[in-house]
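Protein chains: 2
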Amino acid sequence: MIQRALMRRGALLALQVATEGALPPVTLRRSASSLSVPPPTCLLKPLEAPYRYLFGPGPSNVPPRVLAAGGRPIIGHMHNEMFEIMDDIKKGIQYAFQTQNNMTIAVSGSGHTAMECAIFNTVEPGESVLIAINGIWGERAAEIAERIGARVNTLVKAPGGYFTNEEIKQALVKHKPVLFFLTHGESSAGLAHPIDGIGELCRMHECLFLVDSVASLGGAPLFMDKQNIDILYTGSQKALNAPPGTAPLSFNDRACKKMFSRKTKPVSYLLDMTYLSNYWGCDGKPARIYHHTGPVSGFFSLRESLAILAEMGLENSWRLHKEVSEYLYEGLEALGLKLFVKDKNLRLPPVTTVAIPSGYNWRDITNYVMKHHQMEITGGLGPSVGMVLRVGLMGYNCSKDNADKVFAALADALKHCPKSKA
Amino acid sequence: MIQRALMRRGALLALQVATEGALPPVTLRRSASSLSVPPPTCLLKPLEAPYRYLFGPGPSNVPPRVLAAGGRPIIGHMHNEMFEIMDDIKKGIQYAFQTQNNMTIAVSGSGHTAMECAIFNTVEPGESVLIAINGIWGERAAEIAERIGARVNTLVKAPGGYFTNEEIKQALVKHKPVLFFLTHGESSAGLAHPIDGIGELCRMHECLFLVDSVASLGGAPLFMDKQNIDILYTGSQKALNAPPGTAPLSFNDRACKKMFSRKTKPVSYLLDMTYLSNYWGCDGKPARIYHHTGPVSGFFSLRESLAILAEMGLENSWRLHKEVSEYLYEGLEALGLKLFVKDKNLRLPPVTTVAIPSGYNWRDITNYVMKHHQMEITGGLGPSVGMVLRVGLMGYNCSKDNADKVFAALADALKHCPKSKA
Chain B
1 MIQRALMRRG
11 ALLALQVATE
21 GALPPVTLRR
31 SASSLSVPPP
41 TCLLKPLEAP
51 YRYLFGPGPS
61 NVPPRVLAAG
71 GRPIIGHMHN
81 EMFEIMDDIK
91 KGIQYAFQTQ
101 NNMTIAVSGS
111 GHTAMECAIF
121 NTVEPGESVL
131 IAINGIWGER
141 AAEIAERIGA
151 RVNTLVKAPG
161 GYFTNEEIKQ
171 ALVKHKPVLF
181 FLTHGESSAG
191 LAHPIDGIGE
201 LCRMHECLFL
211 VDSVASLGGA
221 PLFMDKQNID
231 ILYTGSQKAL
241 NAPPGTAPLS
251 FNDRACKKMF
261 SRKTKPVSYL
271 LDMTYLSNYW
281 GCDGKPARIY
291 HHTGPVSGFF
301 SLRESLAILA
311 EMGLENSWRL
321 HKEVSEYLYE
331 GLEALGLKLF
341 VKDKNLRLPP
351 VTTVAIPSGY
361 NWRDITNYVM
371 KHHQMEITGG
381 LGPSVGMVLR
391 VGLMGYNCSK
401 DNADKVFAAL
411 ADALKHCPKS
421 KA
Chain P
1 MIQRALMRRG
11 ALLALQVATE
21 GALPPVTLRR
31 SASSLSVPPP
41 TCLLKPLEAP
51 YRYLFGPGPS
61 NVPPRVLAAG
71 GRPIIGHMHN
81 EMFEIMDDIK
91 KGIQYAFQTQ
101 NNMTIAVSGS
111 GHTAMECAIF
121 NTVEPGESVL
131 IAINGIWGER
141 AAEIAERIGA
151 RVNTLVKAPG
161 GYFTNEEIKQ
171 ALVKHKPVLF
181 FLTHGESSAG
191 LAHPIDGIGE
201 LCRMHECLFL
211 VDSVASLGGA
221 PLFMDKQNID
231 ILYTGSQKAL
241 NAPPGTAPLS
251 FNDRACKKMF
261 SRKTKPVSYL
271 LDMTYLSNYW
281 GCDGKPARIY
291 HHTGPVSGFF
301 SLRESLAILA
311 EMGLENSWRL
321 HKEVSEYLYE
331 GLEALGLKLF
341 VKDKNLRLPP
351 VTTVAIPSGY
361 NWRDITNYVM
371 KHHQMEITGG
381 LGPSVGMVLR
391 VGLMGYNCSK
401 DNADKVFAAL
411 ADALKHCPKS
421 KA
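Now the structure itself:
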C-alpha cells in the first residue's frame, strides 16, 4: 500500500523535493491528484453545424473538393512532402497575385495575421506611415501601425468613397511615409479601389505600397507586379473558398530590402519574416529550420483552392465575378433596392453593398433570411454599420443560381419584415 | 468597338480619372490587363500526401473522427451555432486544464501564437520577467519577451535539467519579475517539470505563473487551479490529436487583473485579449463584436478532440500515457538504447527522449525509419539537437501496438544504419 501510494507521481515528486531539504513549506503539500472539474456534458453530444448559404462577405462556402483536402490524414509540418505542398502553394499564390516575387508565402492565420505580418516587418518604431481609411480595413491597419509605435497619418473618406491619385500624391509629399496602406477590396463598403498609378507614385516618393486584397483576390483584376504593388496579401476564405486560417502574402524586392535592413527586430517572433522566409524556402538557404508548426490541414485546403483557380484561370474567374455581380445588381434593383456604390466601375464584384431599404431595420432582414432561408447576408461592418446590407457571391458561390436564391430570400424578407410608416 | 473597349475596366477608370484633370502622367496608362504569370503546372496535379506514422513530438496522427469534423461544411465565424461550438470548446478546455477560469479561449494559431498572446497581454515594456530555460521553449519565450521590451532574466539549465523550487524562489527574490515562465512538458528534452509549490511561490512574490503545456496536456497530470497556475496554454496537435492551428489558453483572475489594468496597449491587435475575450464570450458583454475570422474548421476539429478527451476521461488519458511510456522505456532499453532523462519521474510521458546511440549519426536513423517504415521519429530541437532522438506516442497514437512498431523500426535502423567503429 505504501509503495502504491509512493508510486503516485505527486507523492514521489514531493518526496524527491523534500529530500533536497531547502524548500519552503508550501511545496511539501501532496500534488493535487483528483479532478475538480468534471467532463462537460455538452461535449458528450455530437458536433452539430447546419448547412448554410454563406452569401455574406466571407467566409464563403467551401467546395467539397477543398473540404476533402482539408480532411485528409496529415503529415508532419517539416516533412519533405509538406515542403513540396508549400512550394505548390507558393506558385499558386504567385499566379493568383500575378507576381514573380520569390518572397511569397502563406501566413499561418487569417487576413489580419497577414496584415500584422506586413506592417510588423516593414515598419519600425517612429517611422511615418500613411493609411487610407474608407472602411474598416484602413482603421485596422492604422490601429496596428500605431501599436508598434509608427507615426500614423491617415487619409479618410466615408465608406464608399475613394482617393484620387492626386490626393494620395499630396499626402505622400506631406507625410513622407515609408509605407502607404490601401484596401483594394473594401468589403465593408463594397468598393473596389482603383489601383493604377499609385504604385508609381509610391516609388517616386520612396514609399512601399501595401495593398489589402482579402475581399477582392480572384474576384477582381489585380496585377501585383504590373501595378507596382510592393506588398500584397489576401485571405483564404473569400473567393479562394478555403476555410479561414491561412493568408497568402507576398513582398517584392523593394519591400525585402527595407524589411531585411531594419535596425530593430519586429515585435513578433512568430511573424518575423526572417524566419517565415526560411520556413517557406524563400531565403535561399539549403535547410528549413523549425520555426512554428504550420496549419497542415489548412495548407492542404489552400493548395486545393489555388489548384481550382489555376484550372479555371484567373481571367475566367474575374469575368465570372463581373457577370454574376452585374446580374445581381439588376435583380436587386428589380426588387426596388438601391446599390450603395453608385459608380458601377467602383463596385467590388465579390461583395455587393445595398443601401438599407427605407423603413426597414437591417437586423430584421438579415435575421429573417438566416432563419427562413438558411442564408447569411450581413449588415455593414465598422463605419458602414447601419448603412448597408452586404451580399457576397464569391468563387464557388459565384453563380446566377445563387443570385436567384438571394433575390427570393430578400423578396421574402421585404414582404415579411416590419416596415415603419415614416 | 469603342464602346466595348471602354467597357474594359482599366480603360474606364483611366477615363474617369483623366476627367478629373489633376493627375500625374503615370496614371494615364491603361490598366495592366493581361496575365504575365501562367497557371503553375504543379497545381494541375492532384494533392499527394503519404500516410505517415507521426511518432515524433507532434503533430501526431489525427483520428478519423477529428478529421471528419474538420472536413465538414463550414458555417460563419459569427453565427450563433459557431458561438455555441466555441462555448463547448471553452468548457472542454476548462476540463482539460482543470480550471474554472472564465477567461478561457482557443487562440487562432499554433502554440507559439498562444505563447505570444500570453506574454503580449500580461507584460508591459520595461517590466521584469523571469524565464526558465531548459530547452527550446524557454528560449522562445525569452525572445518574445525581449522583443516587446521586457527586462528578461533567465534561469538556465542544460536540456534534461530542471529547477528546484529554491532556485526559483531565489530568482524571484532577486529579479522581482511580474511573470515567471516555465515549460511543463519540455519536448525538446523529454522532461516533465515538477509544478507543485511554484504557483504559491509566485503568489508570495507577486508574480504571475505562466506555464507552457503544449507537449504535456492530456498526457501528464496538470491542475491549473489547484497548482495555482495563473496562465496556461497548449496546442491542438499533440495529445489532443487535432490538426495544428488552434491553441487553448486560459487566464485566472490574477492574470486578468494585471492584463486588463495595463497602461500600454499590447503590440498586437490580433492577440489583444480585450478583443479575444469578447470574441470568446468571456467579457460578460451581451454582443460579440467582429474581431478576426477564426479558423472555423480548426474549431470543429478542436471541439471533436476535446469531446474524445471528455469521453475518455482525463485521468484515464494520463494513466494510458504513463503505462504506454513505461512499456516504451522497457522496449527501448531492451534494444540497448539509453533514455536521456535518467529519473523516471521527470520523464514526459507523451515524448520520450533517447540518447543517440554511440557510433551512429542521428540523421541516419530518423531518415531510415522515415524511408523504410513511413515513421516519423525526430532528432533534438534547439539546444538538444545532436543529443537525443525523440519518440512521441500521444493521444490517439498512444498504444502498445504503436510502441511495438517503434521497436521494430528502430531495431531495423540500428541494424542497417552505418556505425563508426570509434
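Each protein sequence line maps, in turn, to chains B and P.
First residue of the first sequence: 1, per full-length UniProt numbering; consecutive thereafter.
First residue of the second sequence: 1, per full-length UniProt numbering; consecutive thereafter.
Ideal Cβ positions, reconstructed from N, Cα and C, are used throughout, including at glycine.
Predicted, not measured: the structure shown is a model, and the values here were computed from it.
For residue i, the first and last residue of its enclosing alpha helix (DSSP H)
i        : result
P:Met103 : P:Met103 -> not in any alpha helix (DSSP H); beta strand (DSSP E) instead, spanning 103 to 107.
P:Ile195 : Per DSSP, P:Ile195 belongs to no alpha helix (DSSP H) and is neither H nor E.
P:Asp212 : Careful: P:Asp212 lies outside any alpha helix (DSSP H), inside the beta strand (DSSP E) at 208 to 212.
P:Arg319 : 314 to 334
P:Ala239 : Unbroken run through P:Ala239: none, as it is neither H nor E.
B:Thr264 : Looking at the DSSP string, B:Thr264 is not in any alpha helix (DSSP H), and its letter there is neither H nor E.
B:Thr274 : 273 to 279
Within chain B, partners of residue i - CB distance below 7 Å
i        : result
P:Glu143 : Tyr269
Per-residue DSSP class, three states only, for residue i
i                      : result
P:Gly185               : strand
B:Leu28                : At B:Leu28 the pLDDT is 35, less than 50, meaning the model places this residue with poor confidence and gives no usable figure here.
P:Phe55                : coil
B:Ile229               : coil
P:Ser128               : strand
B:Leu12                : Residue confidence for B:Leu12 is low, a pLDDT of 36 falling below 50, so the modelled location carries little weight; the figure read from the coordinates is stated next. Three-state DSSP puts B:Leu12 in a helix.
P:Glu376               : strand
B:Gly294               : coil
residue 423 of chain B : Past the boundaries of the shown model lies residue 423 of chain B; chain B is included only from 1 to 422, so the question cannot be answered.
P:Phe223               : coil
B:Pro383               : helix
B:Thr99                : coil
B:Phe163               : coil
B:Ile136               : helix
P:Thr122               : helix
B:Asp404               : helix
P:Arg347               : strand
Among the options, the one whose alpha carbon lies nearest that of residue i
i        : options                                : result
B:Tyr290 : B:Val296, B:Asn278, B:Gly284, B:Phe299 : B:Asn278
P:Asn397 : P:Gly149, P:Thr293, P:Leu328           : P:Leu328
B:Leu346 : B:Asn101, B:His184, B:Ala145           : B:His184
P:Thr122 : P:Met273, P:Phe300, P:Tyr162           : P:Met273
P:Ile85  : B:Lys45, B:Val369, B:Gly294, B:Thr293  : B:Lys45
P:Gly336 : P:Lys344, P:Ser358, P:Val385           : P:Ser358
B:His79  : P:Ala220, P:Ala409, P:Ser60            : P:Ser60
B:Gly219 : B:Asp401, B:Ile74, B:Pro350            : B:Pro350
P:Leu306 : P:Lys91, P:Glu330, P:Pro39, P:Lys257   : P:Lys91
P:Pro295 : B:Gly235, B:Ala334, B:His292           : B:Gly235
B:Val267 : P:Leu414, P:Ala142, P:Gly71            : P:Ala142
P:Ile308 : P:Ala239, P:Trp137, P:Arg147           : P:Ala239
B:Lys415 : B:Val369, B:Leu47, B:Ser384            : B:Val369
B:Trp362 : B:His372, B:Ile195, B:Thr378, B:Arg151 : B:Thr378
Neighbouring residues, chain B, relative to residue i (Cβ below 8 Å)
i        : result
P:Phe209 : Residues of chain B passing the Cβ test: none, with the nearest at roughly 13 Å.
Cross-chain neighbours of residue i in chain B, by beta carbon under 9 Å
i       : result
P:Arg72 : Leu47, Ala49, Leu67, Gly71
Limits of the beta strand (DSSP E) - the one that residue i falls within
i        : result
P:Pro64  : Looking at the DSSP string, P:Pro64 is not in any beta strand (DSSP E); the run it does join, the alpha helix (DSSP H), is 64 to 70.
B:Asn153 : 151 to 156
P:Ala215 : Neither: P:Ala215 is in no beta strand (DSSP E) and is coded neither H nor E.
P:Arg390 : 388 to 392
Residues that residue i contacts on chain P, provided the C-beta gap is smaller than 9 Å
i        : result
B:Glu311 : Pro39, Leu43, Leu44
Contact set between residue i and chain P, taken where Cβ atoms lie within less than 8 Å
i        : result
B:Glu186 : Those do not exist, as B:Glu186 stays about 15 Å from chain P at its closest Cβ, beyond 8 Å.
B:Lys91  : Pro40, Cys42, Leu43
B:Glu376 : Gly76, His79
B:Arg140 : Tyr269
B:Leu314 : Leu35, Pro39
B:Ile85  : Leu47, Ala49
Chain P residues whose Cβ lies nearer than 7 Å to that of residue i
i        : result
B:Lys265 : Arg147
message = Taking beta-carbon pairs under 9 Å, can you tell me which members of the segment 281 to 307 of chain P lie near chain B?
response = Of all residues in the segment 281 to 307 of chain P, Tyr290, His291, His292, Thr293, Gly294, Pro295, Val296, Ser297, Gly298, Phe300, Ser301, Arg303, Glu304, Leu306, Ala307 have a Cβ within less than 9 Å of some Cβ in chain B.
query = Relative to chain B, which residues along the segment 49 to 62 of chain P have a C-beta separation below 8 Å, given in chain order?
reply = Only those residues of the segment 49 to 62 of chain P whose C-beta falls short of 8 Å from the nearest C-beta of chain B are listed: Ala49, Pro50, Tyr51, Arg52, Leu54, Gly56, Gly58, Pro59, Asn61, Val62.
ask   = Listed from N- to C-terminal order along the chain, which residues in the segment 99 to 129 of chain P have their beta-carbon within a distance smaller than 9 Å of any beta-carbon of chain B?
value = Hits within the stretch, in order: Thr99, Gln100, Ser108, Gly109, Ser110, Gly111, His112, Thr113, Met115, Glu116, Phe120.
key: Interfacial residues, the segment 230 to 261 of chain B to chain P, with Cβ spacing under 8 Å   = Cβ contacts with chain P: Gly235, Gln237, Pro243, Pro244, Gly245.
inquiry  = Any C-beta of chain B within less than 7 Å: which residues of the segment 148 to 168 of chain P qualify?
reply    = Answer in chain order: Ile148, Thr164, Asn165, Glu166.
task = With 9 Å as the limit, tell me which residues of the segment 378 to 405 of chain P have their beta carbon closer than that to any beta carbon of chain B; keep them in chain order.
result = Residues passing the 9 Å Cβ filter: Thr378, Leu381, Gly382.
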